[in-house]
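**Q** Handing you a structure now.
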Amino acid sequence: MTTVVKPKREAGFPFPKKDPEERKRDFSEVQIPYTEIQAVVEAERCLQCGTPVCIDACPVQMDVRGMCEAVSRRDFKTAFRRIRETNALLGVTARCCPQLSGLCEDACVLRWEGEPVAIGMIQRFMADWEMKNKGLQTPQSYPKTGKKVAVIGAGPAGLAAGELLARYGHEVTIYEELTTPGGTPWYAIPDYHLPKDVLEYEIEKIKEEGVKIVTGVRVGEKVTLSQLLSEGADAVLVCTGAKDVMELDTPGRDLKGVIDGYQFLEDVFVNGVGEYLKNPKYDLGKEVLVIGAGDSALDAARTALRITQGNVTIVYRRTEKEMPADPLMVEEAKEEGVKFKFLADPKSFNGKDGRLTDVTMWTMELGPPDQTGRRSPVKVEGKDFVMKADSVLVTIGRGPNSFIQKKEGLKVAKRNAIAVDDHFRTSMTGVFAAGDVIRGETLIVRAMGSGREAAQRVHEYLMKIEDKHVSLYEAYFTNRSWELMEMGKDEQNLPPP
Amino acid sequence: MSHLLYVVKRTGRPWEAHILLNGKPAGEIRAGREYTFILTSTDGSRWRLTNHVHGERRPFSMRSERMTRGRRGGNDTPELVVRNHLFAHNGKFYALGGTPMESSRRDTLLGRRYIVRIDNFPFSKLEDVDDLTLSRLVHHKGIPVGEMEGLGLDSHRLKVGEELADIGLILAACSYLMYSTG
Ligand SMILES: Cc1cc2nc3c(=O)[nH]c(=O)nc-3n(C[C@H](O)[C@H](O)[C@H](O)COP(=O)(O)OP(=O)(O)OC[C@H]3O[C@@H](n4cnc5c(N)ncnc54)[C@H](O)[C@@H]3O)c2cc1C
Ligand code: SF4
Numbered sequence: 032m033t034t035v036v037k038p039k040r041e042a043g044f045p046f047p048k049k050d051p052e053e054r055k056r057d058f059s060e061v062q063i064p065y066t067e068i069q070a071v072v073e074a075e076r077c078l079q080c081g082t083p084v085c086i087d088a089c090p091v092q093m094d095v096r097g098m099c100e101a102v103s104r105r106d107f108k109t110a111f112r113r114i115r116e117t118n119a120l121l122g123v124t125a126r127c128c129p130q131l132s133g134l135c136e137d138a139c140v141l142r143w144e145g146e147p148v149a150i151g152m153i154q155r156f157m158a159d160w161e162m163k164n165k166g167l168q169t170p171q172s173y174p175k176t177g178k179k180v181a182v183i184g185a186g187p188a189g190l191a192a193g194e195l196l197a198r199y200g201h202e203v204t205i206y207e208e209l210t211t212p213g214g215t216p217w218y219a220i221p222d223y224h225l226p227k228d229v230l231e232y233e234i235e236k237i238k239e240e241g242v243k244i245v246t247g248v249r250v251g252e253k254v255t256l257s258q259l260l261s262e263g264a265d266a267v268l269v270c271t272g273a274k275d276v277m278e279l280d281t282p283g284r285d286l287k288g289v290i291d292g293y294q295f296l297e298d299v300f301v302n303g304v305g306e307y308l309k310n311p312k313y314d315l316g317k318e319v320l321v322i323g324a325g326d327s328a329l330d331a332a333r334t335a336l337r338i339t340q341g342n343v344t345i346v347y348r349r350t351e352k353e354m355p356a357d358p359l360m361v362e363e364a365k366e367e368g369v370k371f372k373f374l375a376d377p378k379s380f381n382g383k384d385g386r387l388t389d390v391t392m393w394t395m396e397l398g399p400p401d402q403t404g405r406r407s408p409v410k411v412e413g414k415d416f417v418m419k420a421d422s423v424l425v426t427i428g429r430g431p432n433s434f435i436q437k438k439e440g441l442k443v444a445k446r447n448a449i450a451v452d453d454h455f456r457t458s459m460t461g462v463f464a465a466g467d468v469i470r471g472e473t474l475i476v477r478a479m480g481s482g483r484e485a486a487q488r489v490h491e492y493l494m495k496i497e498d499k500h501v502s503l504y505e506a507y508f509t510n511r512s513w514e515l516m517e518m519g520k521d522e523q524n525l526p527p528p
Numbered sequence: 085m086s087h088l089l090y091v092v093k094r095t096g097r098p099w100e101a102h103i104l105l106n107g108k109p110a111g112e113i114r115a116g117r118e119y120t121f122i123l124t125s126t127d128g129s130r131w132r133l134t135n136h137v138h139g140e141r142r143p144f145s146m147r148s149e150r151m152t153r154g155r156r157g158g159n160d161t162p163e164l165v166v167r168n169h170l171f172a173h174n175g176k177f178y179a180l181g182g183t184p185m186e187s188s189r190r191d192t193l194l195g196r197r198y199i200v201r202i203d204n205f206p207f208s209k210l211e212d213v214d215d216l217t218l219s220r221l222v223h224h225k226g227i228p229v230g231e232m233e234g235l236g237l238d239s240h241r242l243k244v245g246e247e248l249a250d251i252g253l254i255l256a257a258c259s260y261l262m263y264s265t266g
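So the protein sequences, as listed, match chains E and B. Just so we're aligned: the first sequence equals residues 32 to 528 in this note's numbering. Just so we're aligned: the second sequence equals residues 85 to 266 in this note's numbering.
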């Protein structure tokens, strides 16, 4: 059987982008959205697979196939309803998911002999369409149960969990330490990827579903987990994310100008980048080095480039082939003029009068593979060199936020992550945990998937139906099949499984 | 030993397929109920395949059990278990669709997928591998020991060397079913 399909996206691969010379001058979005006709033409390429592997690859089982089917016949309302069913942050994930790296587009069958369906771009079109047309039909919920759940942290995990718990009929209050909800996407993801009005809009929609968000409360400090439980919550779900940064022990790290890259991003974005630019906290100079090679390091570099308009260089101890960052983001950074220095690692930060002036670098070479199969970096003696630097942004990774577990004595796992069992239960009765605080930094959509799975377990615990557990994936796989969609049964707007 | 090339060709029925090895018939896949499949090799051996792995249905996962004459179900010990693209064989771990050591992730965004052996993997049993590690497999690199091409549109091709030759037929069937459009 041969299926005829257009092998390539008409709007180009991976997606249309603004001119790099123009975009690096400000924080406006890099991606140019699809027009309606582009979205429809692209959705028509979808084969409507019987077993859609794109959905298998999505941590929240977003109905990609159903979206494409409805978009291709311009029924945007149905398309939106289908995908909003399991994904409450559609505009956020459309823009921020690395769809080609282990997610929907990587799995799409059209990836094998052509280009996958541009799922992220169609999804983005749909999210923008809804923001403009306000076409959201509130997803179906169960009747009120009278149970109360406190969720700690209003990042993607807490928001996705809170939304699902509210739909299960529980009264949900999310406690957030910062003055604005949104978590890392709010305070660290640059606006050139995620304009903050998109996140704010989607959080408002979650609130409209009955989720209450209380900001400016640091749980573990102002109020404890046991207090929340004794003062009315029937269960608590901790979603406090990843916050503990990894540090270098390089001599000279206390010099002025050696900056924690994550703190830098938070300071720039937490009150809105516009506010930061009016009153900048950091004097980065014109020569900026960024240590690290993940997505956060790229964001620190591209943010510094936009602020300084100077020379920004990423320093990485391995080569480009071993970089953990999304390759499309590496490409974007290069287009904008971010430079790369591979096989180098800081040996000492040097300065004058307490201020950084340059960095002595080790020359590195690649040795045998480490536990991830990537060749490990090995120092080469006698080949040090010096790089001039006005500032250095150290962005080499974040581990789970250990604050609550330390304060409240919750059992911990590797790297101080909150230890949970298969039911997302912590060592304290009635307290569950999900998202990056149980795993370390992942992705928005993976944190959401984890939040949803934990919400389902909390619901089963509250309703004493733990023995009836069927995973969200299995429920999707067996209940929401193509046959149901064909018969129009999914139009019934079912409550969550 | 040269490479073994398996070609999985769909028949007219959902999921069902014929499997050729180096151009000659090697087996066939028949669909059963509730996403279970029977793989039969030309020498008469039979395996039951399902995506029920480690207690529940999982995406990109397959369990194969050899069926013995007179038994309706499969053996208790599976011959191959793939969990979220990862499998163990002869004490080593492999990823279906990993990045070869000498390539960058940009090189493998489209087209052919590789089967890579991940040396120094910090686990000894597949069931012990945590979700975080599974979700980050895309960041792992390994020694390429096989390739997969063409799935979804026409016929699925799987090429393996000596290291995976004894499970080549099962791998061809599992990888096809994991990605088959049904
Ligand atoms: C610079 C950067 C860029 C990134 N870019 C992307 C990207 O492009 N795409 C992508 O998919 N992922 C990206 N990520 C990763 C992604 O943001 C995280 O994986 C995701 O946000 C994790 O969600 P979470 O809800 O588990 O935690 P978080 O988003 O960290 O949210 C935790 C929330 O809990 C709050 N909190 C913490 N402690 C307390 C307390 N004691 N009391 C009350 N509230 C508390 C925090 O203030 C925060 O709001 C990026 C990460 C960084 C650092
Ligand atoms: S895998 Fe690709 S072609 Fe198949 S349903 Fe999903 S998006 Fe459509």
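All C-beta atoms in this analysis are idealised placements derived from N, C-alpha and C, irrespective of residue type, glycine included.
Can you tell me the Cα-Cα spacing of F371(E) and R429(E), whole angstroms?
**A** Counting from 1 along the first sequence, the entry for residue 371(E) is found at position 340. Counting from 1 along the first sequence, the entry for residue 429(E) is found at position 398. Roughly 22 Å separates the two Cα atoms.
**Q** Can you tell me the Cβ-Cβ gap for P170(E) and R126(E), rounded? I've got them flagged as a contact below 8 Å.
**A** For the purposes of this step, residue 170(E) is taken as the residue at position 139 of the first sequence. For the purposes of this step, residue 126(E) is taken as the residue at position 95 of the first sequence. 22 Å between Cβ atoms; not a contact.
**Q** Closer than 8 Å, Cβ to any Cβ of chain B: which residues of the segment 341-356 of chain E, in chain order?
**A** Result list: E351, K352, E353, M354, P355.
**Q** Would the segment 345-354 of chain E and the segment 402-411 of chain E be scored as touching if the rule is three or more Cβ pairs under 8 Å?
**A** The segment 345-354 of chain E, when compared against the segment 402-411 of chain E, does touch it at the 8 Å Cβ threshold.
**Q** Less than 7 Å separating the Cβ of H454(E) from some heavy atom of ligand 1?
**A** On the first sequence, residue 454(E) is found 423 positions in, with the first residue counted as 1. Incorrect: H454(E) has no Cβ contact closer than 7 Å to ligand 1.
**Q** Confirm the yes/no value for this check: CB of F434(E), any heavy atom of ligand 1, distance under 7 Å.
**A** Counting from 1 along the first sequence, the entry for residue 434(E) is found at position 403. Answer for F434(E): yes, Cβ within range of ligand 1.
**Q** Is A266(E) a contact residue of ligand 1, with contact defined as CB to any heavy atom under 7 Å?
**A** To locate residue 266(E), count along the first sequence from 1; it is residue 235. The answer is no for A266(E).
**Q** For chain B, find out if any of its Cβ atoms is closer than 8 Å to the Cβ of V203(E); answer yes or no.
**A** As a working mapping, residue 203(E) is identified with position 172 in the first sequence. So, not an interface residue.
**Q** Is DSSP giving I63(E) helix, strand or coil here?
**A** The count along the first sequence starts at 1 and reaches residue 63(E) at position 32. Looking at I63(E) - three-state DSSP - the assignment turns out to be coil, as it is neither helix nor strand.
**Q** With a threshold of 7 Å, establish whether the CB of Q487(E) neighbours any heavy atom of ligand 2.
**A** The count along the first sequence starts at 1 and reaches residue 487(E) at position 456. It does not: the Cβ of Q487(E) is nowhere closer than 7 Å to a heavy atom of ligand 2.
**Q** So which of D87(E), E67(E), G283(E) has the shortest CA-CA distance to G382(E)?
**A** Along the first sequence, one-based indexing puts residue 382(E) at 351. Among D87(E), E67(E), G283(E), the Cα nearest to that of G382(E) belongs to G283(E).
**Q** Under 8 Å by Cβ, that's how I've got L441(E) and M459(E) pegged, so tell me the actual separation to the nearest angstrom.
**A** As a position in the first sequence, residue 441(E) is number 410, starting the count at 1. As a position in the first sequence, residue 459(E) is number 428, starting the count at 1. Between M459(E) and L441(E) the Cβ distance is about 6 Å, and since that is below 8 Å, they are a contact.
**Q** On a CA-only basis, which of E362(E), D401(E), P399(E), V501(E) is nearest K48(E)? Give me that one, please.
**A** The count along the first sequence starts at 1 and reaches residue 48(E) at position 17. Per the Cα distances, E362(E).
**Q** Does any heavy atom of ligand 2 sit closer than 7 Å to the C-beta of T403(E)?
**A** Taking the first sequence and counting its residues from 1, the one referred to as residue 403(E) is at position 372. Answer for T403(E): no, Cβ out of range of ligand 2.
**Q** Indicate, with yes or no, if ligand 1 has a heavy atom lying under 7 Å from the CB of D326(E).
**A** Along the first sequence, one-based indexing puts residue 326(E) at 295. Yes.
**Q** Buried or exposed, going by whether 16 or more other CB atoms sit within 10 Å of the CB of T66(E)?
**A** The residue you call residue 66(E) lines up with position 35 of the first sequence. T66(E) is exposed by the Cβ-count criterion.
**Q** Around the C-beta of P38(E), are 16 or more other C-beta atoms found within 10 angstroms, so that it is buried, or is it exposed?
**A** Here residue 38(E) corresponds to residue number 7 of the first sequence, with the count starting at 1. So P38(E) ends up on the exposed side.
**Q** Determine whether the Cβ of G471(E) lies closer than 8 Å to any Cβ atom of chain B.
**A** Taking the first residue of the first sequence as 1, we reach residue 471(E) at position 440. Yes - at least one Cβ of chain B is within 8 Å of the one on G471(E).
**Q** For a test of the three-state rule: what should DSSP assign to G247(E), helix, strand or coil?
**A** The sequence position of residue 247(E) within the first sequence is 216, counting from 1. In the structure shown, G247(E) sits in coil (DSSP, three-state: anything other than H, G, I, E or B).
**Q** Return helix, strand or coil for H136(B), following the three-state DSSP convention.
**A** Your numbering for residue 136(B) matches position 52 in the second sequence. Looking at H136(B) - three-state DSSP - the assignment turns out to be strand.
**Q** What number of angstroms, rounded off, separates the C-alpha of M32(E) from the C-alpha of E247(B)?
**A** Counted from its first residue, the first sequence places residue 32(E) at position 1. Counted from its first residue, the second sequence places residue 247(B) at position 163. Confidence in M32(E) is poor, its pLDDT being 44 and thus under 50, which makes the residue's placement too unreliable to answer from.
**Q** Verify whether the separation of the beta carbon atoms of T215(E) and G272(E) is less than 8 Å.
**A** Position 184 of the first sequence, counted from the start, is the residue given in the question as residue 215(E). Position 241 of the first sequence, counted from the start, is the residue given in the question as residue 272(E). Their beta carbons are under 8 Å apart, which means T215(E) touches G272(E) by this criterion.
**Q** Kindly list the residues whose CB is nearer than 8 Å to the CB of A219(E), restricted to its own chain and excluding five residues on each side of it in sequence; keep chain order.
**A** Position 188 of the first sequence, counting from 1, holds the residue named residue 219(E). Closer than 8 Å at the Cβ level, and outside the excluded window around A219(E), lie Y293, L296, E297, F300, S327, D330.
**Q** Does the contact criterion of 3 or more C-beta pairs under 8 Å hold for the segment 389-397 of chain E versus the segment 213-220 of chain B?
**A** At 8 Å Cβ cutoff, the stretches do not touch.
**Q** Do you know how far the Cα of L474(E) is from the Cα of G193(E)?
**A** For the purposes of this step, residue 193(E) is identified with residue 162 of the first sequence, where counting begins at 1. For the purposes of this step, residue 474(E) is identified with residue 443 of the first sequence, where counting begins at 1. Distance between the alpha carbons of G193(E) and L474(E) is about 18 Å.
**Q** Flag E231(B) as yes when its Cβ comes closer than 7 Å to any non-hydrogen atom of ligand 1, and as no otherwise.
**A** By one-based count along the second sequence, residue 231(B) stands at place 147. Because no heavy atom of ligand 1 lies under 7 Å away, the Cβ of E231(B) does not count as near it: no.
**Q** Using the Cβ count rule (16 or more neighbours within 10 Å means buried), how would you classify F107(E)?
**A** The residue given as residue 107(E) occupies position 76 in the first sequence. The residue in question, F107(E), is buried, as its Cβ has 16 or more Cβ neighbours within 10 Å.
**Q** Starting from the beta carbon of D212(B), find every residue of chain E whose beta carbon is closer than 9 Å, and list them in chain order.
**A** Stepping through the second sequence from its first residue, residue 212(B) is reached at position 128. What D212(B) touches in chain E: nothing, since even the nearest Cβ is about 13 Å away.
**Q** Looking at C-beta atoms only, is the number of pairs between the segment 430-438 of chain E and the segment 229-241 of chain E that lie closer than 8 Å three or more?
**A** Counting Cβ pairs under 8 Å, fewer than three are found: no touch.
**Q** With a cut-off of 8 Å, does the C-beta of Q487(E) fall near any C-beta of chain B?
**A** The count along the first sequence starts at 1 and reaches residue 487(E) at position 456. False, the Cβ-Cβ gap to chain B never drops below 8 Å.
**Q** Going by the C-beta, is D467(E) closer than 7 Å to any heavy atom of ligand 1?
**A** By 1-based counting over the first sequence, the position of residue 467(E) is 436. Yes; taking the cut-off as 7 Å, the Cβ of D467(E) has a heavy atom of ligand 1 nearer than that.
**Q** Around the Cβ of M360(E), are there at least 16 other Cβ atoms within 10 angstroms (buried) or fewer (exposed)?
**A** Counted from its first residue, the first sequence places residue 360(E) at position 329. Buried, because 16 or more other Cβ atoms sit within 10 Å of the Cβ of M360(E).
**Q** Is M185(B) close to chain E? Criterion is C-beta to C-beta, closer than 8 Å.
**A** The residue labelled residue 185(B) in the question sits at position 101 within the second sequence. True, the Cβ-Cβ gap to chain E drops below 8 Å.
**Q** Count the C-beta pairs between the segment 240-260 of chain B and the segment 487-498 of chain E that are closer than 8 Å, then say yes if the count reaches three, no if not.
**A** Segments in contact, no.
**Q** Spell out the partners DSSP gives R386(E) in its beta bridges.
**A** Numbered from its first residue, the first sequence carries residue 386(E) at position 355. According to DSSP, which records beta bridges pairwise, R386(E) is partnered with K287(E), K383(E).
**Q** Does G234(B) come within less than 8 Å of chain E when only Cβ atoms are used?
**A** Counted from its first residue, the second sequence places residue 234(B) at position 150. It does: the Cβ of G234(B) has a partner Cβ on chain E nearer than 8 Å.
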